[in-house]
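Enquirer:
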Amino acid sequence: MKDALLEIVMLETGEIVVRRSSEQDEPLLTLSFSDELSSKLGDERINIAKIMLSAGVQLVAEAGARQREAEADVLRPPVIH
Numbered sequence: 002m003k004d005a006l007l008e009i010v011m012l013e014t015g016e017i018v019v020r021r022s023s024e025q026d027e028p029l030l031t032l033s034f035s036d037e038l039s040s041k042l043g044d045e046r047i048n049i050a051k052i053m054l055s056a057g058v059q060l061v062a063e064a065g066a067r068q069r070e071a072e073a074d075v076l077r078p079p080v081i082h
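Numbering (our numbering), first residue to last: 2 to 82.
(1) Within this structure, are the beta carbons of Leu-54 and Val-19 separated by less than 8 Å?
(2) Is the region 38 to 52 touching the region 62 to 71 in the sense that three or more CB pairs, one from each, lie closer than 8 Å?
(3) Determine the direct distance from the alpha carbon of Ile-52 to that of Ser-22, and round the result to whole angstroms.
(4) Look up Leu-45 in the DSSP assignment and say whether it is helix, strand or coil.
(5) Can you check DSSP and say which residues form a bridge with Val-80?
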C-alpha cells in the first residue's frame, strides 16, 4: 500500500471505515457492530474502533520489525575471534 494519510470515519449506516483521506472510494477496512452492541456502546463506538485499529497497527509493526531482524541475522556473516 502506498503511503497515504488515512482517516477513520463513521458512516451514516453506523459502519466505521478506514479510507485514504484523499479518496471517497471503497474503504480499506470496514468495522461494524451489531445493533445490540451499538446501542450499548453509543458514541463510544468510534473510540473503541480507534483502539482496535491502533492495536492492529502496533501488532503489524512489531511483526515487521521481527521479520527484518530475522532477515538481518541471516545476512550477517558470522564473527570469528
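Glycine included, each C-beta is placed from N, C-alpha and C at the ideal position.
Expert: Looking at the coordinates:
(1) For the purposes of this step, residue 54 is identified with residue 53 of the sequence shown, where counting begins at 1. For the purposes of this step, residue 19 is identified with residue 18 of the sequence shown, where counting begins at 1. It is a contact, given that the beta carbons lie within the stated cut-off.
(2) Touching, no.
(3) On the sequence shown, position 21 is the one that residue 22 refers to. On the sequence shown, position 51 is the one that residue 52 refers to. Taking the CA atoms as reference points, Ser-22 sits about 19 Å from Ile-52.
(4) Within the sequence shown, residue 45 is the residue found at index 44, counting from 1. According to the sequence displayed, residue 45 carries Glu and not Leu. If DSSP states are grouped into helix, strand and coil, Glu-45 belongs with the helices.
(5) The residue you call residue 80 lines up with position 79 of the sequence shown. Paired residues: none, contrary to the question.
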